[in-house]
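Residue numbers (mature numbering (1 follows the signal peptide of the UniProt record, and there is no 0)): -28 to -1, 1 to 386.
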């Protein structure tokens, strides 16, 4: 007969086995799409560090860090967190994220993010902190060489006050008013604060961010390096379960978006005109109708129903051109490849048709027709030694009927 100790151990073992049976095998390595300086790679991520990326397939194939530009994670099977954000923080390095909880430890603030992610931010690294509505942070702009504290008025509005933030704590903010020389600092409870804008003259400098992590809720974390193993992404000052991560940008300045290129010239001739119009025929990072850049794709659930049934994908960066429009751009030194996707704007896709040419130093890299019945075309062309890039759009079969062409996520790899 087993002793009580052995009986308890046996019960614990049975409990562990029962839990394991319910949970099933350990979660599989996350499925990722990896943009490299060469071909795109799809596989399951085993590990990631400063040396590169290791995939679980083929005995652990390794991609060197110098060849990896971006790691994009497939959508997590877990439901997104429904926890409401308490506020939003921006750091001097370009990071920006919403948080659901906060703790104070001396000169460090620990932020709890959705999805059980965590960021430890030194107070000196915080550029702005919004606790109220977006209008509260807008009131903090224009503070000159001072910190700005936006406090709530009794009528529910906000009022900005200039001075110096002395201390942040669990109780609130100690603040020295700019006009009160020699006066005692005031204390403002967090419940009375709408926003804080810190004056960081020496820290607000443009700098290359070797790694940028995009979270599934839209937050951005800039870091010198990251490491992934066993379901957790390790950051220099925090961590995030991989389910909370949408992508990891490892390009470190090797990717230049089209909107960052110098415009050498442009031309647009309207339908009833013979000469170039005085208005621009292009827009960066938004559609010609003012909305987000977007393209229509076949719906994977019913690909045979294309083009009547489609899904729309939005892009944060790129350029939109009208028919009979041309945009000339200067390429950066050491440009190697041009990548992106091109198609008609969804608002005009079914009716529209356009002829597109992409030219580098007078040589056509890609040309083709885009219309409502064609899926977006993938652009991946070499740019070695090229110094200029020209995007051209002309009428298709339907003349000027809805010929708004979107060059989405168009970027130069160097």
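Every residue gets a Cβ at the ideal spot worked out from N, C-alpha and C, and that includes glycine. None of the values given here were measured: they were computed from a predicted structure.
*Sorted by chain position, which residues of the same chain lie with C-beta nearer than 6 Å to residue 5's C-beta, five sequence neighbours on each side aside?*
14, 44
*Three-state secondary structure (DSSP) at residue 168?*
strand
*Look up residue 162 in the DSSP assignment and say whether it is helix, strand or coil.*
helix
_Taking the alpha-carbon of residue 82 as reference, which of 142, 42, 111 has the nearest alpha-carbon?_
142
*Assigned exposure category for residue 10 - 16 Cβ within 10 Å defines buried*: exposed
*Cβ of residue 146 less than 8 Å from any chain D Cβ?*
No chain D appears in this structure, which consists of one protein chain only.
*asked:* Between which two residues does the beta strand (DSSP E) holding residue 282 run?
replied: 282 to 287
*asked:* What does the Cβ neighbour count give for residue 317, buried or exposed, with the cut at 16 atoms within 10 Å?
replied: buried
*Work out the CA separation of residue 386 and residue 305 for me, nearest whole Å.*
8 Å
*Between the segment 278 to 293 and the segment 229 to 236, are three or more C-beta pairs nearer than 8 Å?*
yes
*Curious, which full-length alpha helix (DSSP H) runs of at least 4 residues does the segment 77 to 150 contain?*
106 to 111
*Residues in its own chain within less than 7 Å of residue 219 by CB, not counting five upstream and five downstream?*
A distance below 7 Å between beta-carbons, with the five flanking residues on each side excluded, links residue 219 to the following residues of its chain, in chain order: 42, 43, 44, 45, 186.
*What are the boundary residues of the beta strand (DSSP E) that includes residue 219?*
217 to 221
*Which residues share a DSSP beta bridge with residue 392?*
Any answer about residue 392 is impossible in this case: the structure gives the chain only from -28 up to 386.
_Buried or exposed, going by whether 16 or more other CB atoms sit within 10 Å of the CB of residue 193?_
Residue 193 should be labelled buried.
*On the three-pair Cβ rule with 8 Å, is the segment 193 to 212 touching the segment 161 to 175?*
The segment 193 to 212 makes no contact with the segment 161 to 175; the number of CB pairs closer than 8 Å stays below 3.
_What would DSSP say about residue 37, mapped onto helix, strand or coil?_
helix
*Looking at the structure shown, is residue 239 part of a helix, part of a strand, or coil, going by DSSP?*
strand
*Counting only the same chain and skipping the five closest in sequence on each side, list residues whose C-beta sits under 6 Å from that of residue 146.*
Here residue 146 has 138, 139, 157, 159 as same chain residues with Cβ atoms under 6 Å from its own Cβ, once five neighbours each way along the sequence are excluded.
*Hey, would you say residue 65 sits closer than 8 Å to residue 172, going by beta carbons?*
no
*Going straight from the alpha carbon of residue 70 to that of residue 58, what length do you get?*
One C-alpha to the other measures close to 7 Å.
*Do residue 363 and residue 298 come within 8 Å of each other at the CB atom, strictly closer than that value?*
yes
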